[in-house]
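Some notes on the structure that comes next.
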Amino acid sequence: MKRFEELFAPHMDAAYNLARWLTGNDSAARDVVQEAALRAFRFLHRFADGNPKAWFLTIVRNESYTWLKASAGHRWVAIGDELPDDDPALSHSQTPELLAIHTENGVLIQQALSALPPAFREVIILKELEDMPYKDIALVVDIPIGTVMSRLARARAMLKLELLKMHDHE
Numbered sequence: 001m002k003r004f005e006e007l008f009a010p011h012m013d014a015a016y017n018l019a020r021w022l023t024g025n026d027s028a029a030r031d032v033v034q035e036a037a038l039r040a041f042r043f044l045h046r047f048a049d050g051n052p053k054a055w056f057l058t059i060v061r062n063e064s065y066t067w068l069k070a071s072a073g074h075r076w077v078a079i080g081d082e083l084p085d086d087d088p089a090l091s092h093s094q095t096p097e098l099l100a101i102h103t104e105n106g107v108l109i110q111q112a113l114s115a116l117p118p119a120f121r122e123v124i125i126l127k128e129l130e131d132m133p134y135k136d137i138a139l140v141v142d143i144p145i146g147t148v149m150s151r152l153a154r155a156r157a158m159l160k161l162e163l164l165k166m167h168d169h170e
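Straight run, no breaks: the sequence shown in full-length UniProt numbering ends on number 170.
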């Protein structure tokens, strides 16, 4: 029990943040983190001396997707959907950060993030909110580091597009 607490207790906030953003639901996020902690405890013997945060967040991610698949009516979007080359989100004249500063409203950013498909939302959350390095994100999401970087670029472009849509509707 002591080893579990030493390894994973410092990452409970990150676990909740990831689960909250992926499920979009406070009580589901708490349930997901609880189930993930139970699994991490049960399978602690499988954890070698690696990165405890990445290992735990991988479990949280998997539990979040299990919850999403079980919840009725959740909309899944294929990862292979490409943005057109002339998409306004690909322009570098306005970054998501500048748009966020201009909107001066964190609620809009939350709404824009929530509109992203989970596969793109998770890389933004892990990189921008949890400040994880690419190699750790690759471990959590179980994709190559190059895919992390390209998915993050696409996620930022999608986020920018969502913010532009919201900005245009003001």
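Ideal Cβ placement from N, Cα and C applies to all residues, glycine included.
Just so we're clear, the structure is a prediction, and the values are computed from it rather than from any experiment.
The beta carbon of V60 sits closer than 6 Å to those of A15, L18, A19, A36, all from its chain and outside the five residues before and after it, given in chain order. Take P144, set aside five residues on each side of it, and the residues of its chain with a beta-carbon closer than 7 Å to its own are A138, in chain order. Counting only the Cα atoms, L22 lies some 17 Å from M132. Comparing C-alpha distances from W67 to each of K2, L126, S150, D26 shows the shortest one belongs to D26. Here the alpha carbons of K165 and V32 stand approximately 32 Å from one another. In this structure D136 is buried. Its beta-carbon is surrounded by 16 or more other beta-carbon atoms within 10 angstroms.
Following the DSSP letters along the chain, one finds N51 in no alpha helix (DSSP H), marked with neither H nor E. Straight-line spacing of the CA atoms in F41 and P52 works out to 12 Å. Closest in C-alpha terms to L161, from the list S114, L126, A48, comes S114. Less than 8 Å divides the Cβ of H11 from the Cβ of L57. M158 is classed as buried because its beta carbon has at least 16 other beta carbons within 10 Å across all chains shown.
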